[in-house]
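So for the sequence shown, full-length UniProt numbering puts the first residue at 1; every next one is plus one.
Data block below; observations after.
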Amino acid sequence: MDGRDGCVHDLVAAQAAVTPEAVAVAAPDVRWSYRRLDGRANAWAHHLRALGVGRGDVVGVLLHRVPETVAVLLGVLKSGAAYLPLDPSCPAARVEHLLRDTGTRVLVTDPPLARRYPGVRVTTAAEVVGVRFTPLGVDTGPDDVVCVLYAIGSTGDPEGVVLSHGNVVNQLRWAVGAFGLDEGTGAVLHSSLAFDLAVPSLYCPLLAGRTLWLRADLPTSARGDTGLSFVKTTPSHLRLLAADHVPERATEWAGVLVVSGADLRFEDVAAWLGGPVRRIVNAYGPAGAAVSCTAYEVTARGSGRVPIGTALPGVRVHLLDGAMRPVPRGALGELFVGGVGVAHGYWARPGLTADRFVPDPFGGEPGARLYRTGDLARELPDGNLEFAGRVDRVPAPAASPFPVEGAS
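The following block contains the structure:
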């Protein structure tokens with residue numbers, strides 16, 4: 001489906017109007033209805049606007065995974081701004097760097113963290129009273145920015161990828177159908193909001209009238225949750241769970257297990273086939289391609305790498321040589337992504353943006369661009385793509401709090 005027919009917050013608000021009393025967000029001992037979530041998000045939008053926040057601004061969000069955090073994110077979008085998700089476990093110096101890099105003037109956080117960042121206007125939930133049922137009515141569109149997601153890029157430094165509503169909505173609309181949101185209770189958010197892995201887990205259930213379950217970590221969900229629509233995870237998470245024998249103990253955990261990782265191996269998913277999940281999907285894509293750009297459903301055991309599949313609706317993929325020419329089927333080429341999934345670029349990095357987001361000679365649309373992933377792949381005889389490594393991999397610094405772009 002085309003991502004140009006709505007903004008993230010508008011779609012959540014529309015769902016709230018349809019299922020106002022359904023449970024939107026749940027954490028241990030806390031459940032919020034869609035009515036409360038949308039009303040609280042409106043309250044945050046009005047509050048942020050009173051602080052001078054508007055279209056084109058970036059609001060820092062340094063919060064733990066609780067229902068209030070979801071309302072804050074939606075409130076930022078309703079105000080017309082974009083959010084910068086920050087992990088509370090991230091060192092203060094790193095947070096300060098990202099706040100400066102994005103020009104963030106307003107930071108939403110918890111009182112214990114508020115004093116660490118004197119250079120910005122800090123606001124907390126205590127300043128926002130009650131709920132409001134009247135939205136601001138800011139006229140945002142598909143080209144407005146949803147968030148800035150930082151990852152360790154080819155330079156070895158954190159680089160902020162700018163995702164638009166058009167980027168995100170296109171992926172979410174596909175995922176709602178592909179990840180089985182017509183069944184089950186919803187999805188679990190178990191990872192930091194600062195990681196691109198969190199985007200579909202956060203919003204898909206809210207677009208489908210299901211529940212967003214907030215959990216401390218993945219093992220907690222695997223051992224205690226049942227009937228989830230889908231769970232999104234990584235190959236490394238699967239290996240840890242398998243080593244802890246979780247697949248043997250988990251019962252009817254989820255309908256769909258979505259693995260976000262280019263280098264997924266068949267042995268990583270062997271323990272899950274025919275177990276506590278009904279379907280397994282390998283969803284590939286770096287943040288610069290709006291988190292996911294191809295997908296492959298694992299239906300049988302095999303060996304070696306699991307294919308990364310074919311392009312999502314609205315997305316085009318090309319395997320090109322060094323002269324930007326398509327390579328023959330079976331030959332290695334660098335993977336380029338086109339279509340609605342291409343991000344705006346890198347925040348305040350015009351040179352890097354020009355290098356990685358290049359003119360699209362195949363698109364036919366004025367100004368169309370391709371995203372250069374830096375990943376190598378080949379087309380298999382059945383038309384699916386197989387990941388074959390990085391063009392030039394630069395490891396993340398030790399103990400980096402950021403993901404490595406291209407690693408998902």
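We put the beta carbon where it would ideally sit given N, CA and C, even for glycine.
Element boundaries [beta strand (DSSP E), containing residue i]
i: W213; result: T211 to L214
i: A323; result: Element bounds for A323: n/a, residue is neither H nor E.
i: N282; result: V277 to Y284
i: Y150; result: V145 to I152
i: L193; result: That residue, L193, is in no beta strand (DSSP E); it is neither H nor E in DSSP.
i: E386; result: L385 to R390
i: R301; result: It is not in any beta strand (DSSP E) - R301 carries neither H nor E in the DSSP assignment.
i: V306; result: It is not in any beta strand (DSSP E) - V306 carries neither H nor E in the DSSP assignment.
Residues bridged to residue i (per DSSP)
i: T226; result: In the DSSP output, where bridge partners are listed per residue, T226 has none listed.
i: T233; result: V259
i: A311; result: T294
i: S33; result: V23
i: R105; result: None, per the DSSP bridge assignment.
i: H47; result: Paired residues: none, contrary to the question.
i: L73; result: Its beta-bridge partners do not exist; DSSP assigns none.
i: A187; result: L212 and F230
i: T140; result: None; T140 has no bridge partner.
i: P158; result: I152
i: H318; result: F336
i: L370; result: V358
i: R55; result: None; R55 has no bridge partner.
i: T123; result: V108
Minimum C-alpha distance to residue i - residue among the options
i: A323; options: V298, Y346, V315 and V358; result: V358
i: L63; options: L86, I280 and H47; result: L86
i: P219; options: L206, L238 and P205; result: L238
i: F266; options: D382, A290, S236 and G314; result: S236
i: A348; options: A17, G60, R100 and W44; result: R100
i: A343; options: G227, H318, N167 and R49; result: N167
i: R36; options: R279, A13 and L264; result: A13
i: R31; options: E68, A43, V337 and E96; result: E68
i: T19; options: T123, G184, L197 and R210; result: R210
i: T124; options: G180, V337 and V61; result: V61
i: W174; options: L193, V315, P247 and Y83; result: V315
i: E127; options: D10, V161, A45 and R215; result: A45
i: C293; options: R55, D29, A41 and L172; result: L172
i: V120; options: V129, R105 and P112; result: R105
i: G304; options: K232, E386, G274 and R356; result: E386
Boundaries (first-last residue) of the alpha helix (DSSP H) holding residue i
i: L84; result: No alpha helix (DSSP H) holds L84; the beta strand (DSSP E) holding it covers A82 to L86.
i: A198; result: A198 to L207
i: F362; result: Looking at the DSSP string, F362 is not in any alpha helix (DSSP H), and its letter there is neither H nor E.
i: A114; result: P111 to A114
Collapsed DSSP secondary structure at residue i in the structure displayed
i: G166; result: helix
i: H64; result: coil
i: A93; result: helix
i: P328; result: coil
i: W353; result: Looking at the sequence shown, residue 353 is not Trp but Thr. It is helical.
i: P395; result: Confidence at P395 is low in this model, with a pLDDT of 42, below 50, so its placement is unreliable and no value can be given for it.
i: Q15; result: helix
i: A175; result: helix
i: D375; result: strand
i: H245; result: coil
i: A270; result: helix
i: H344; result: coil
i: R265; result: strand
i: A250; result: coil
i: D10; result: helix
i: P28; result: coil
i: P135; result: coil
i: S79; result: coil
i: F402; result: Confidence in F402 is poor, its pLDDT being 44 and thus under 50, which makes the residue's placement unreliable; the coordinate value appears in the next sentence. In the structure shown, F402 sits in coil (DSSP, three-state: anything other than H, G, I, E or B).
i: L380; result: coil
i: residue 410; result: This structure does not reach residue 410, given that the chain is present from 1 up to 408, and the question cannot be answered.
i: L218; result: helix
i: L99; result: helix
i: D2; result: Here D2 scores only 37 on pLDDT, less than 50, and its place in the model should not be relied on; the value that follows carries that caveat. The answer is coil: DSSP assigns D2 none of H, G, I, E or B.
Residue-level contact to chain C via CB, residue i, 8 Å cutoff
i: L212; result: Reference to chain C is not applicable here, since this structure consists of a single protein chain.
Nearest-angstrom beta carbon gap, residue j and residue i [assumed within contact, 8 Å]
i: A187; j: L212; result: 6 Å
i: P158; j: L228; result: In fact, because the Cβ distance is near 32 Å, the residues do not count as touching under 8 Å.
i: V291; j: D382; result: With 8 Å as the limit, V291 and D382 do not qualify as a contact, their Cβ atoms being about 25 Å apart.
i: P88; j: L113; result: 7 Å
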